[in-house]
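To convert, take the position in the sequence shown, counting from 1, and add 74; that gives my numbering.
Here the structure is laid out as structure tokens; the discussion comes afterwards.
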Amino acid sequence: MSLDYGDTGDSLSNRKLFLNSLGIDYRALVCAKQVHATAVRYVTKADRGKGALSASQAIADTDSLVTNEKNLPLAIFTADCLSVFIYDPKHSAIANTHAGWRSTHGKICVKTLGLMSEKFRTEPADVYIGFGPSIGKCCYRVGKEFSNYFPQSVRKENQNYFFDLAGENLRQLLETGVVLEKVSLSNICTSCKISEYFSFRKQGNACGRMMSVIMLK
Ligand SMILES: [Zn+2]
């Protein structure tokens, strides 16, 4: 689905096929130029189509998008990283977030809820959350320093350390007041299921990217 990574020749037609089935115009897609940081952007009609047809037009230096605009689809691209969908039915607002370990360390989901609160008066207890497929704690081997970054989400097995990326994001979200029953986890490990998903760690930087999309109708 990415216009930058992997075999991009069919990206636009893939997007069209996928989005048509959801009643979404692929030319309306709002994409971020993701940089593993913590900037969250409020997007409006004026951003419609940014990054839909060319990667260079995507919104720069951004890893999380929020909006309350209808028919404005927000896209996040991943291969191992976690995508987080947020929906506030009370104030009719949404977010789509790209959470790798660096952004998770910077609490990007918490920051996203913060901007939603500021812009739409979103309260954590009201939101529904969905996690996309990401590398699981079974496969995400990390350096020892991760146990300092994420003391509650790193497991040591023999001499190896494993990071629970989805678990850490869930933990941070619950801490803000998000309700566990309103969170839908995918529980899919992209590295284990390499025949169905892209895995950056297994396939390297040249691998393709999956797309997560959310839109208010
Ligand atoms: Zn795995």
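Cβ coordinates follow ideal geometry from the N, Cα and C atoms, glycine included.
As the structure is a prediction and not an experimental result, all values here were calculated from the model.
Which residues in the same chain as residue i place their Cβ atom closer than 8 angstroms to its Cβ, once the five residues preceding and following it in sequence are excluded?
| i | result |
| --- | --- |
| glycine 97 | Lys291 |
| leucine 93 | Asp99, Tyr100, Leu103, Pro147, Val287 |
| lysine 181 | Thr112, Gln246 |
| glutamine 277 | Ala153, Ile268 |
State the CB to CB distance for the pair residue i and residue j, rounded to an integer number of angstroms; the pair is presumed to be in contact (CB under 8 angstroms).
| i | j | result |
| --- | --- | --- |
| threonine 171 | cysteine 183 | 6 angstroms |
| tyrosine 116 | histidine 179 | Contact flag wrong, Cβ pair sits at about 23 angstroms. |
| aspartate 135 | valine 109 | 5 angstroms |
| alanine 240 | phenylalanine 205 | 5 angstroms |
| aspartate 137 | valine 201 | So it is not a contact: roughly 18 angstroms between Cβ atoms. |
| alanine 173 | asparagine 243 | 5 angstroms |
| phenylalanine 274 | methionine 284 | Not a contact, Cβ separation roughly 11 angstroms. |
| isoleucine 203 | valine 257 | 5 angstroms |
| lysine 211 | phenylalanine 236 | 5 angstroms |
| threonine 112 | serine 177 | 6 angstroms |
For residue i, which residues in the same chain have their Cβ closer than 7 angstroms to its Cβ, ignoring the five residues on either side in sequence?
| i | result |
| --- | --- |
| glutamine 226 | Arg245 |
| glutamine 131 | Lys124, Gly125 |
| isoleucine 209 | Asp154, Leu239, Cys263, Thr264, Ser265, Ser273, Arg275 |
| tyrosine 214 | Phe236, Phe237, Leu239 |
| leucine 32 | In this structure the chain extends from 75 to 291, so residue 32 is not present and cannot be described. |
Grab me the residues of residue i's own chain with a C-beta within less than 6 angstroms of its C-beta, minus the 5 sequence neighbours each way, in chain order.
| i | result |
| --- | --- |
| leucine 259 | Phe205 |
| glycine 251 | Pro198, Ala199 |
| isoleucine 160 | Ala169, Val201, Ile203 |
| arginine 229 | Phe236 |
| asparagine 234 | Arg215 |
Confirm the yes/no value for this check: CB of residue i, any heavy atom of ligand 3, distance under 7 angstroms.
| i | result |
| --- | --- |
| asparagine 94 | With respect to ligand 3, the structure offers nothing, as its ligand set consists of ligand 1. |
Contact between the segment 115-130 and the segment 259-279 is defined here as three or more beta-carbon pairs at a separation below 8 angstroms; is this criterion met?
By the Cβ criterion, the segment 115-130 is not in contact with the segment 259-279, since fewer than three pairs of Cβ atoms, one from each stretch, lie closer than 8 angstroms.
Go through the segment 156-191 residue by residue and report every complete run of the alpha helix (DSSP H) that reaches 4 residues or more, in order.
Qualifying alpha helix (DSSP H) stretches, in chain order: 175-179.
If we count Cβ pairs, one from each stretch, closer than 8 angstroms, do we get three or more for the segment 174-192 versus the segment 144-151?
The segment 174-192 makes no contact with the segment 144-151: fewer than 3 CB pairs, one atom from each, lie closer than 8 angstroms.
In the segment 194-276, which residue ranges form an unbroken beta strand (DSSP E) of at least 3 residues, counting only runs that do not cross its ends?
With a minimum length of 3 residues, the continuous beta strand (DSSP E) runs that stay inside the segment 194-276 are 202-205, 228-231, 234-237.
Quick check on the contact list: which residues have their beta carbon closer than 5 angstroms to a heavy atom of ligand 1?
Per the Cβ criterion, the list is Gly210, Cys212, Cys213, Cys263, Ser265, Cys266.
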